[in-house]
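**Student:**
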Amino acid sequence: MLKTYLLHNTLVGRPDLLPGILIYSGPVTPNVSELEQALTAARRMKTVWIRLRHAVSPSRTHPSHDQCFQNAKKIFSGMVNIQDLRFTDEVGQWSPELWDTFTTAKSNRNIERLSLRVHGDYPFLISILRAQPRLKHLDIARSGGTRVQGLQSTDLQELKSLRATLSEAAVFVPGRPVEKLELLHYEVGPLFLDHEPNPVEAHFKDLERSTCDIKDFTLRFQRSWDDNVSERNLRFAIRYLPRIEQLSLVVHGMLSEDI
Numbered sequence: 000m001l002k003t004y005l006l007h008n009t010l011v012g013r014p015d016l017l018p019g020i021l022i023y024s025g026p027v028t029p030n031v032s033e034l035e036q037a038l039t040a041a042r043r044m045k046t047v048w049i050r051l052r053h054a055v056s057p058s059r060t061h062p063s064h065d066q067c068f069q070n071a072k073k074i075f076s077g078m079v080n081i082q083d084l085r086f087t088d089e090v091g092q093w094s095p096e097l098w099d100t101f102t103t104a105k106s107n108r109n110i111e112r113l114s115l116r117v118h119g120d121y122p123f124l125i126s127i128l129r130a131q132p133r134l135k136h137l138d139i140a141r142s143g144g145t146r147v148q149g150l151q152s153t154d155l156q157e158l159k160s161l162r163a164t165l166s167e168a169a170v171f172v173p174g175r176p177v178e179k180l181e182l183l184h185y186e187v188g189p190l191f192l193d194h195e196p197n198p199v200e201a202h203f204k205d206l207e208r209s210t211c212d213i214k215d216f217t218l219r220f221q222r223s224w225d226d227n228v229s230e231r232n233l234r235f236a237i238r239y240l241p242r243i244e245q246l247s248l249v250v251h252g253m254l255s256e257d258i
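Residue numbering for the sequence shown follows numbering that gives the first Met the number 0, beginning at 0 and increasing consecutively.
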């Protein structure tokens, strides 16, 4: 976390570097509480603190959340040529103001790979995705909230690989050239239980509406599933994705040998 703060602090002071950044992987802002702990520990190490003291304002024991947030807005609005953007903290911790740096007229339209962690409902998520027509790889680990809505048939027409939950994949795959798909296992409970109509089969059926054959498929088995649920989901995958060439099964917990 200290490295993230020092990096952000450097980039704010050198805006001329921002257009040259093509890849970023890390949190959108440093975690202030973790940063304070790191700075406290650093002060106990005299040689380290000498090198750090010029990067940290002497008027405060640690940077405020608002300072970190304002720095992030400056940094990401200046990364106009970013192609690979992977945020490791949850979208739910951000203010919608930060999203404006990507959805305004000056927003970056070169992003080809985007990784997000989302919890709950965030309507502005669709606006950021729609602002990136060159997006080819999307990793959206989303838990909680309702199904994503508002995506148009003309959006994300270059999307080739997707990492998402089943219900989200059923939204993003149809009408797009997705050929690599990894299904996450966050959805548990009623969605995977036996009842009619069966949303699981309907979602798997939506996956066959990719404009390309899905040839690379990864299915993660939730540890809370019983064997019947695991076997059913695997059968749905085989039934509706018959042209799989590479199949990966990631098991969290136990899985019967019969499957």
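All C-beta atoms in this analysis are idealised placements derived from N, C-alpha and C, irrespective of residue type, glycine included.
1. Does Asp215 get closer than 8 Å to chain B when you measure Cβ to Cβ?
2. Whole angstroms is fine: what's the gap from Leu128's alpha carbon to Ile213's?
3. Within this structure, are the beta carbons of Gln82 and Arg112 separated by less than 8 Å?
4. Does Val170 come out as helix, strand or coil in the three-state DSSP assignment?
5. May I ask which residues mark the beginning and end of the alpha helix (DSSP H) holding Val199?
6. Closer than 7 Å by C-beta to Pro57: which residues in its own chain qualify, once you throw out the five before and the five after it? Chain order, please.
7. Shorter than 7 Å, the distance from the beta carbon of Asp83 to the closest heavy atom of the ligand MN, or not?
8. Within the continuous beta strand (DSSP E) that includes Asp212, where are the two ends?
9. Between the alpha carbons of Leu6 and Asp15, how many angstroms are there, rounded?
10. Apply the 10 Å Cβ neighbour rule to Cys211 and answer buried if 16 or more other Cβ atoms are within range, or exposed otherwise.
11. Roughly how many angstroms lie between the CA atoms of Gln245 and Ala71, to the nearest whole one?
12. Pick out whichever of Ile74, Leu183, Ala201, Val170 has its Cα sitting closest to the Cα of Gly149.
13. According to DSSP, simplified to helix, strand and coil, what is Arg108?
14. Of the choices Ile243, Ala201, Arg238, Val250, whose alpha-carbon is the least far from that of Ser229?
15. How long is the line joining the alpha carbons of Cys67 and Glu178, rounded to whole angstroms?
16. Ile237 by DSSP, collapsed to three states: which one?
17. Alpha carbon to alpha carbon, how far is Phe216 from Leu180?
18. Could you check the C-alpha separation between Phe75 and Leu115 for me, to the nearest Å?
19. Please name the residue in Asp205, Asn227, Phe86, Ile20 whose C-alpha comes closest to that of Pro29.
20. Excluding sequence positions up to five away, which residues of its chain have a Cβ less than 8 Å from the Cβ of Val11?
**Tutor:** This is what the structure holds:
1. Within the model displayed, chain B is absent; a lone protein chain is all it includes.
2. If I take the Cα positions, the gap works out to 22 Å.
3. Yes, the pair counts as a contact, with Cβ atoms nearer than the cut-off.
4. DSSP, reduced to helix, strand and coil, places Val170 within a helical segment of the structure shown.
5. It spans 198 to 206 - the alpha helix (DSSP H) in which Val199 sits, taken as one unbroken run.
6. For Pro57, the predicted model reports a pLDDT of 46, less than 50, meaning its position is unreliable and no value from the coordinates is stated.
7. The ligand MN is absent from the structure shown, which contains no ligands of any kind.
8. It is not in any beta strand (DSSP E) - Asp212 carries neither H nor E in the DSSP assignment.
9. So the two alpha carbons sit approximately 14 Å from each other.
10. Classification of Cys211: exposed, given that the 10 Å Cβ count is below 16.
11. If you draw a straight line from the Cα of Gln245 to the Cα of Ala71, it is about 39 Å long.
12. Proximity to Gly149 across Ile74, Leu183, Ala201, Val170 peaks at Val170, based on C-alpha coordinates.
13. Three-state DSSP puts Arg108 in coil, outside helix and strand.
14. For Ser229, the nearest C-alpha among the options comes from Val250.
15. Taken atom to atom, the span from the alpha-carbon of Cys67 to that of Glu178 is near 38 Å.
16. Three-state result, Ile237: helix.
17. Straight-line Cα distance between these residues: approximately 5 Å.
18. Those two C-alpha atoms are separated by around 15 Å.
19. The residue with the shortest Cα to Cα distance from Pro29 is Phe86.
20. Counting only Cβ-Cβ distances below 8 Å, and skipping sequence neighbours, we find Asn70, Lys73, Ile74.
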